[in-house]
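There are 2 protein chains.
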Amino acid sequence: MPKCNEGFSRLDGEYLFTKTKKAIEEYSLKHNGKKVISLGVGDVSLPLSPAVAKAFSSAARKMGNKEGFHGYAPYFGYDFLRRAIADDYKNKGVDVNESEIFVSDGAKRELSDFLSLFSKSTALIPTPSYPVYVDANIMRGNEILFLPTDESDGFIPSPEKIGKAESSDGYIIYLCSPSNPTGTVYSESVLSRWVEVALETGSVIIFDAAYERYITDGSVRTVYSVDGAKNCAVEICSLSKSAGFTGVRCGWTVVPEKLFMGGTGLNKLWQRRQSTAMNGVSYPVQAAAFAALTGKGRKQTEKAVSYYLKNAEILVNAVKNFGAEYYGGVNSPYVWLKCPRGLTGKEAFSTLLNEYGLVVTPGEGFGAGGENYIRLSALNTRQNTVSAAKRLAEFFN
Amino acid sequence: MPKCNEGFSRLDGEYLFTKTKKAIEEYSLKHNGKKVISLGVGDVSLPLSPAVAKAFSSAARKMGNKEGFHGYAPYFGYDFLRRAIADDYKNKGVDVNESEIFVSDGAKRELSDFLSLFSKSTALIPTPSYPVYVDANIMRGNEILFLPTDESDGFIPSPEKIGKAESSDGYIIYLCSPSNPTGTVYSESVLSRWVEVALETGSVIIFDAAYERYITDGSVRTVYSVDGAKNCAVEICSLSKSAGFTGVRCGWTVVPEKLFMGGTGLNKLWQRRQSTAMNGVSYPVQAAAFAALTGKGRKQTEKAVSYYLKNAEILVNAVKNFGAEYYGGVNSPYVWLKCPRGLTGKEAFSTLLNEYGLVVTPGEGFGAGGENYIRLSALNTRQNTVSAAKRLAEFFN
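From first to last, the protein sequence lines are chains A and B.
Sequential numbering of the first sequence, starting at 12, is according to this note's numbering.
Sequential numbering of the second sequence, starting at 12, is according to this note's numbering.
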């Protein structure tokens, strides 16, 4: 039999969120199906905005008519959506060509698939971070260099720490701002330094901007705000948290025309990869995405983001009085909260689940630096968030 | 900069269908936008069946209500759909557990993604075949052993031809029945021999059953009709051609619990891979798929298949009188047609496009054995098919 990809044996047996889900099911079984409140997995709770649901269902209905039917979608997305995304970048003050935009079925797949363009490489992954970065690189057989962050650097990875790359090949550098799980936002100057380091070391940056729409304080929302980024960075975006698309599946990846690896343009390479290995994103889904980015739908989805940001504030306020240390909670749907009484993330997870019926994500799941933290998601309903905040206060008290 | 995946340099510059599309656009430019009839890319022409479009749009509409909203879908598909697919297998006379079924966004992605479970391997690919098999393996860095078929074996690959695998690792064997592009169907005995050879050589079969619903003569429609297949084969299915889902994106992959690679269960491995590298398929899409497999929707989609089969018959009848040699045209939406007058597939493609305004796919695009053939798709409308048939007759005359 062909040999198993060795990477799999280096993986933790289960994906983080599959594991926490099981712990919750066990709790539920033990407690006669008692419902817990979950601030764990970052799923959204608000339905799609009316204009978005309308566009989605109307396009789906028309798929039943000769005139409205759409077969294979263009591999890289419909022009109408690529244009709307390019306009969205204009709003953020940067120019991205439509030809640089690839419509996807969400960020998670892209973070992993993009690695297929490279031969075995070394990934540079700041931690704590989204576990998919690590798992995808392990499955691909890549080496990983971790760059742990902690309170001393405010959970913002310092480009100075990596210095010159040890190999002339540079790294595949993962950056995420606002960060999952810490909610911290990179300043323009930090981002500039990362771009400089990437250019110096011949590295490529995979910039995960899945949460950019939560930025309200004027911080940079795209890596392309920084000079030189088009020569070294791809940006992966998602409508999951901004427009409630966790169950719709749409996002996009920007691969600049100026991004070269040796003599090879990554934009062209990604075109070749995508036309071979996927068959486009459903037309009704792209119609829904278009509605989320334009006109009435855009305003409505902005309201949803404000709603979740208010939730984050409620969570923060509940623990602030106890002198709790936290990150995020503004510009992000996540609160990265230091456990009280020296508890580890896992201990806090367990106590919160079993004594308070509250689910959080233990910081350990995000790698080094997360040992004494838990991640709270502000994406639940207002009602559940208010209840959760009370339980948190009791836990801290 | 990290090094480019060497596989890409071994790829043909463009994906087959991207290339033919460009030739058509050039023709159209030269001829003042004159419309051609395309029997090229296998896209469907009928809209979604009424019951399917209704289920799709109704689920999409409900995504705008608190009660009907669905966030992240289960990684491997909703239970209701996995159950319907298991029932579908019961109709074909085989038992497949729900836990063996993984809902996907279509066959193309799966044919390529599944390779991630293996370390570098050797793929055994009968030709002519769907170009994705070759490209995906090249991109993965795998070796490829081609097994060309031709008129002498009726375009059915003989398992006898491979004998004992040269390496003890066996092969990743791609089989497709009804075949794309030749439309030929494997008999149960041929399939049995393939399963035997796979077991003997320690190979794994990737069985592409994307066209199984076109089988009307009682031939086997799933690899699991054959004893031992659960120990050596995964099956990749699609609703694209059976239910018009080319622009909806849904299918499934069966990974049997009994399928082991060394000591490693592939079912478990695929679970781990999918939970890390994708985020499920949209709920409205799965609701549409459910409608296509059950009740009224099922009957309606069966009618669409009959419609396309009638198209195939029309195409075949147009060339039969000229003594044309062909395969498929029954049990398949494809007619694999030998070019008249000793023309190559590329020559016939060019003449048909430029003199008859008719697009076909040149056989060369599917690899060795395709040099003197063209593939006709019967998935166009009746009206276009009838016109195309006339043009074909003129070409043969």
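Beta carbons are placed, not taken as given, at the ideal position from N, Cα and C, and that holds for glycine.
Option in B/A220, B/S230, B/D180 with minimal Cα separation from B/A209: B/D180
Check: B/K357 C-beta below 7 Å from any heavy atom of the ligand FAD: No copy of the ligand FAD occurs in the structure displayed, which carries no ligand at all.
Delimiting residues of the beta strand (DSSP E) encompassing A/I173: Looking at the DSSP string, A/I173 is not in any beta strand (DSSP E), and its letter there is neither H nor E.
Contacts of B/G273 in chain A (Cβ-Cβ under 9 Å): M12, K14, C15
Whether B/L280 touches A/F19 by CB criterion (8 Å): yes
With 16 other Cβ atoms within 10 Å as the buried cut-off, status of B/R283: buried
With 16 other Cβ atoms within 10 Å as the buried cut-off, status of A/F91: exposed
N- and C-terminal bounds of the alpha helix (DSSP H) containing A/T133: It is not in any alpha helix (DSSP H) - A/T133 instead sits in the beta strand (DSSP E) that spans 133 to 138.
Closer than 7 Å at the beta carbon, the chain B residues around A/K33: Simply none; closest approach about 12 Å.
Short CB-CB distance (under 8 Å) between A/N365 and chain B: no
Positions along the segment 114 to 135 of chain B whose CB lies within less than 7 Å of some CB in chain A: D116, G117, K119, R120, S123, S127, L128, F129, S130, S132
Contact with chain A by B/L326, beta-carbon distance below 8 Å: no
Test item: CB-CB of A/G262 and A/A118 under 8 Å: yes
Assigned exposure category for B/G273 - 16 Cβ within 10 Å defines buried: exposed
Within chain A, partners of B/P61 - CB distance below 8 Å: G75
Test item: CB-CB of A/G255 and A/V397 under 8 Å: no
Any chain A beta carbon closer than 8 Å to B/A335: no
Bridge-paired residues (DSSP) for B/S69: In the DSSP output, where bridge partners are listed per residue, B/S69 has none listed.
CB of B/Q297 within 8 Å of CB of B/V47, strictly: no
Which residues DSSP lists as bridging B/Y367, in chain order: B/Y367 pairs with nothing; no bridge assigned.
A/E171 classed as buried or exposed, judged by whether at least 16 other C-beta atoms fall within 10 angstroms: exposed
Top-ranked residue by Cα proximity to A/C243, from A/E211, A/G306, A/T160, A/A64: A/E211
A/S253 versus B/K321 - alpha carbon distance: 47 Å
Outcome for B/N108 when other beta-carbon atoms lying within 10 angstroms are tallied against a minimum of 16: exposed
Residues within the segment 241 to 269 of chain A neighbouring chain B, beta-carbon criterion of under 7 Å: T257, G258, V259, R260
Under 8 Å by beta carbon: chain B residues contacting A/D180: M12, P13, K14
Proximal chain B residues relative to A/T29, where beta-carbon distance stays under 7 Å: S286
Nearest to B/G51 (by Cα), restricted to the options B/M150, B/E199, B/Y384, B/S236: B/Y384
For B/S10, three-class secondary structure by DSSP: Missing from the structure shown is residue 10 of chain B; chain B here goes from 12 to 408 and no further.
Nearest-angstrom Cβ-Cβ length linking B/P168 and B/P137, presumed shorter than 8 Å: 4 Å
Where the segment 191 to 218 of chain A meets chain B: residues whose CB sits under 8 Å from a CB there: G213, S214, V215
Where B/G376 falls: helix, strand or coil (DSSP): helix
Buried versus exposed call for A/L73 [16 or more other C-beta atoms within 10 Å across all chains shown]: Checking the sequence shown, residue 73 of chain A turns out to be Lys, not Leu. A/K73 is buried by the Cβ-count criterion.
Inter-residue spacing [alpha-carbon to alpha-carbon] between B/F360 and B/R120: 28 Å
B/K14 to A/A299 span [Cα, whole Å]: 37 Å
C-beta neighbour in chain A for B/L156, strict 8 Å: no
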